[in-house]
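Q: Going by the working numbering, the sequence shown opens with residue 38, and the numbers climb by one from there. Every residue, glycine too, gets a C-beta built ideally from N, C-alpha and C.
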Amino acid sequence: MFDVERNELSICTFSVAKLAKTLMSLLGGRAESLPAVPNGSVQKLGRLPPRFASTMVHFCARTDQTSLIETAMSVGAKTVLLVPSLSGTRIDLDSIERTFEVTVIAADDLFFIQEGTIVVSTAALDELRYRLGLGDDSPPNSFRMTGDHWEICFEKNRFVLADAIGMWYLAEFLSRPGRTLNPVELENARTGIVARSSTSGTGEAFDEHARREYKRTLADISARIAEAERNNDSGTLETLQTEQYEILSQLQKDTGRNGKARVLTDESKSRKNVRQAVNRDIKRIAEHHAELAEHLKLAFKGNAMCYRPDADPNWEL
Numbered sequence: 038m039f040d041v042e043r044n045e046l047s048i049c050t051f052s053v054a055k056l057a058k059t060l061m062s063l064l065g066g067r068a069e070s071l072p073a074v075p076n077g078s079v080q081k082l083g084r085l086p087p088r089f090a091s092t093m094v095h096f097c098a099r100t101d102q103t104s105l106i107e108t109a110m111s112v113g114a115k116t117v118l119l120v121p122s123l124s125g126t127r128i129d130l131d132s133i134e135r136t137f138e139v140t141v142i143a144a145d146d147l148f149f150i151q152e153g154t155i156v157v158s159t160a161a162l163d164e165l166r167y168r169l170g171l172g173d174d175s176p177p178n179s180f181r182m183t184g185d186h187w188e189i190c191f192e193k194n195r196f197v198l199a200d201a202i203g204m205w206y207l208a209e210f211l212s213r214p215g216r217t218l219n220p221v222e223l224e225n226a227r228t229g230i231v232a233r234s235s236t237s238g239t240g241e242a243f244d245e246h247a248r249r250e251y252k253r254t255l256a257d258i259s260a261r262i263a264e265a266e267r268n269n270d271s272g273t274l275e276t277l278q279t280e281q282y283e284i285l286s287q288l289q290k291d292t293g294r295n296g297k298a299r300v301l302t303d304e305s306k307s308r309k310n311v312r313q314a315v316n317r318d319i320k321r322i323a324e325h326h327a328e329l330a331e332h333l334k335l336a337f338k339g340n341a342m343c344y345r346p347d348a349d350p351n352w353e354l
């Protein structure tokens, strides 16, 4: 026992009905308006979907051994008992689950927050199915728009990303693996603007102002490279040299044999726009799922407007 001053306490209240509706919806089940179990520390939330044998879910706010045993005795068999957290506890879950046929799972293992959105851990769901004796059932690879964000699952790992132009293009490519898509038609489909001929000119790849900006940027990078060499800063040196190479490569692509900027066609301009948008969002994906980002990089070979993976992940879109 220890004394705690009142001003050191933070008391939070929440609606069990809203909690049940939110969590059961995320799990694909249904919330049920059911009374609390008499001991007052546990509340029925609802039932899981058929994939989990429609098992009942209870929420228990207490996570000590005695409270969990009392709760398990109260709720009966074949129940999932959701608790806030099991971190730092020394509870003998195996004996409780064997004796009372309840499956205890921590909310902070089952759910997590990503970019302000509550997300369900697919790995935790797979483990829950296994603990319920329902075998292995791997989640499908999926790439879906939901509201203002994208829900993505690849090789059992799920995450969400805010909407962006490149995500829309990626979904189009993933829906048609092995097929080359016309970049002009892609841009038109996204924006609703009618295309001109794919060979019509749209202007120079860069103007005189852009040329001056390129020169200024390259001069700045050269000065920073020299400084990094003097300081033996190999990490910074490698980054700057890569940036320098990318700019020079782009200039080479955009410059004709006469040294002037190339005249872009609708198709070449659209191709550039689409690939830049896709590459930006592959970098965003890499921050959450390195394996998926690598898969996408390998599947988009060169500047081809085609998603051609070595093995089709069978995306659900």
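#1: Let me confirm a value: R253 is counted as buried when at least 16 other C-beta atoms fall within 10 Å, else exposed. Which label applies?
#2: Near I319, which residues of its chain fall below 6 Å by C-beta distance, leaving aside the five closest residues on each side in sequence?
#3: Any idea if I150 is buried or exposed, counting beta-carbon neighbours within 10 angstroms, 16 or more meaning buried?
#4: Specify the secondary structure class of E331 as computed by DSSP and reduced to three states.
#5: Using only the alpha-carbon positions, how far apart do S52 and L85 sit?
#6: Figure out for me which residue from R216, A199 and Q278 has the closest Cα to the Cα of D257.
#7: Within its chain, find whatever has a CB closer than 6 Å to the CB of E36; leave out the 5 residues flanking it on each side and keep chain order.
#8: Using the Cα positions of V79 and G170, report the straight-line distance between them to the nearest angstrom.
#9: Can you tell me whether DSSP reads F337 as helix, strand or coil?
#10: Need the endpoints of the alpha helix (DSSP H) that F180 sits in, please.
#11: Less than 8 Å between the CB atoms is what I'm expecting for L123 and A143, so what's the real figure, rounded?
#12: Where do the N-terminal and C-terminal ends of the beta strand (DSSP E) with R84 fall, by residue?
#13: Please report the Cβ distance between R345 and P214, rounded to the nearest whole angstrom; I am assuming they are in contact, meaning their Cβ atoms lie under 8 Å.
#14: What residue range does the beta strand (DSSP E) around E188 cover?
#15: Buried or exposed for S212, going by 16 or more other Cβ atoms inside 10 Å?
#16: Over what stretch of residues does the alpha helix (DSSP H) that includes A160 continue unbroken?
#17: For P350, which residues from the same chain have a beta carbon less than 6 Å from its beta carbon, with the 5 sequence-adjacent residues on both sides left out?
#18: How about L130 and V141: are their beta carbons less than 8 Å apart?
A: From the atom records:
#1: exposed
#2: A330 and L333
#3: exposed
#4: helix
#5: 20 Å
#6: Q278
#7: Here the chain has residues from 38 to 354 only, and residue 36 is not among them.
#8: 24 Å
#9: coil
#10: It is not in any alpha helix (DSSP H) - F180 instead sits in the beta strand (DSSP E) that spans S179 to T183.
#11: 4 Å
#12: V79 to R84
#13: 7 Å
#14: H186 to F191
#15: exposed
#16: T159 to R168
#17: N178
#18: yes
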